[in-house]
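Read through the structure below, which is laid out as structure tokens, and then see the notes.
Chains as they are written, first to last, in the numbering used here: chain A, 50 to 125; chain B, 1169 to 1422.
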């Protein structure tokens, strides 16, 4: 399976949880920590992310950057 | 842990569009405005028309849209975004012009401007964000509020006998000869967002060909105004808004 990961911009995440419901792998959760605005920002909870970008597409604050293993490296 | 690939070895597959500024958005958590802004800017990035696009910001929650979109923007008086867009497009006929309005702006105070702009068939894209409530002023009843919907000005639910039925402005303007492409989309799921992106792309294409007015209604949410969490709001939207405002193309060119 293709492996991916995400980086959430902690400062602008508003904890709306839309990414959590959009994730088909259920690999997102709210952090127990707060950001400076007082929101529990989203974070990865396990390593099952496939880099499908669903979370980033529904994020209203464009806070998510998605990385994915490149296919070329997989082949070699 | 040999299989774990570090981030440095991966490629970026999705990031914030470069036409969206770094200003943190003032919208409430889960608001559909943010998604629409992002998708609109993504399309502009992909078409490479950042320097040729002029947006008209409304009065309403999206009043600061010009802070978030790194393109030329003009603020309009309440409800008059389509009228301002008409002027901009007529003076600069080679530019891409869009107006961005909410339901209180486009369907209430600006109904006259909206209908006449479409009737003249101005070559602009009109984006209409419909969440059935006045979000900015604190959740008052809008012309698009559903029957029985509780708002601060209809605490017992909207009564059709007293204040009328929800206005389906998109169906209304689809009857006019100037309307070329009229569609209704949503932003509650990934699939819906992808469809919206396609609709915006198509509209910019028609605008270049000077075909007539393109009108996209986006059925959106208002978690704060509806007094729900964003996730609950999207479920409520699907259950209650879509029967009244069904998604899909209302008028598409043959």
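Ideal Cβ positions, reconstructed from N, Cα and C, are used throughout, including at glycine.
Residue i classed as buried or exposed, judged by whether at least 16 other C-beta atoms fall within 10 angstroms
| i | result |
| --- | --- |
| residue 1312/B | buried |
| residue 118/A | buried |
| residue 1310/B | buried |
| residue 41/A | Chain A is shown only over 50 to 125; residue 41/A falls outside these bounds and no answer can be derived. |
| residue 1259/B | exposed |
| residue 1320/B | exposed |
| residue 90/A | buried |
| residue 85/A | exposed |
| residue 1359/B | exposed |
| residue 1330/B | exposed |
| residue 1405/B | buried |
| residue 1306/B | exposed |
7 Å Cβ cutoff, residue i in contact with chain A
| i | result |
| --- | --- |
| residue 1400/B | no |
| residue 1189/B | no |
| residue 1178/B | yes |
| residue 1390/B | no |
| residue 1351/B | no |
| residue 1229/B | no |
| residue 1182/B | yes |
| residue 1147/B | An answer regarding residue 1147/B cannot be provided, because it is not within the stretch 1169 to 1422 covered by chain B. |
| residue 1193/B | yes |
| residue 1197/B | yes |
| residue 1265/B | no |
| residue 1358/B | yes |
| residue 1412/B | no |
| residue 1256/B | no |
| residue 1361/B | yes |
Cutoff 7 Å: residue i Cβ touching any chain B Cβ
| i | result |
| --- | --- |
| residue 120/A | no |
| residue 57/A | no |
| residue 83/A | no |
| residue 116/A | yes |
| residue 77/A | no |
| residue 65/A | yes |
| residue 51/A | no |
| residue 111/A | yes |
For residue i, the first and last residue of its enclosing beta strand (DSSP E)
| i | result |
| --- | --- |
| residue 68/A | No beta strand (DSSP E) holds residue 68/A; the alpha helix (DSSP H) holding it covers 67-71. |
| residue 84/A | Run containing residue 84/A: none; DSSP gives neither H nor E here. |
| residue 1295/B | 1293-1298 |
| residue 102/A | Where residue 102/A is concerned, there is no enclosing beta strand (DSSP E), given that its DSSP letter is neither H nor E. |
| residue 1269/B | 1264-1270 |
| residue 1182/B | 1178-1182 |
| residue 1386/B | 1381-1387 |
Cβ-Cβ separation, residue j to residue i (assumed contact under 8 Å), whole Å
| i | j | result |
| --- | --- | --- |
| residue 1381/B | residue 1348/B | 6 Å |
| residue 1413/B | residue 1352/B | 6 Å |
| residue 1209/B | residue 1202/B | With a Cβ gap of about 11 Å, residue 1209/B and residue 1202/B do not count as contacting. |
| residue 1257/B | residue 1278/B | The pair is not a contact, with the Cβ atoms about 17 Å apart (cut-off 8 Å). |
| residue 1296/B | residue 1338/B | 7 Å |
| residue 1429/B | residue 1237/B | Residue coverage of chain B in this structure runs from 1169 to 1422, which leaves residue 1429/B outside it and unanswerable. |
| residue 88/A | residue 64/A | 4 Å |
| residue 1268/B | residue 1223/B | 6 Å |
Host alpha helix (DSSP H) of residue i (start-end)
| i | result |
| --- | --- |
| residue 1342/B | 1337-1342 |
| residue 1202/B | 1200-1215 |
| residue 1362/B | 1358-1376 |
| residue 1288/B | 1279-1288 |
| residue 1352/B | It is not in any alpha helix (DSSP H) - residue 1352/B instead sits in the beta strand (DSSP E) that spans 1347-1354. |
| residue 1255/B | 1249-1259 |
| residue 1400/B | 1398-1404 |
| residue 91/A | Not the alpha helix (DSSP H): residue 91/A falls in the beta strand (DSSP E), residues 91-93. |
| residue 1393/B | 1391-1394 |
| residue 1330/B | 1328-1331 |
| residue 1234/B | 1233-1236 |
Query raised in the report: Got a sec: which bits of the segment 92-108 of chain A sit with their beta carbon under 7 Å from any beta carbon on chain B, in order along the chain?
Result: 100, 102, 103, 105, 106, 107
Report task. Note down, in chain order, all residues in the segment 1273-1293 of chain B with a beta-carbon under 7 Å from any beta-carbon belonging to chain A. Result -> none
Query raised in the report: When you check each C-beta in the segment 1202-1216 of chain B against every C-beta of chain A, which residues fall closer than 7 Å?
Result: 1202, 1203, 1206
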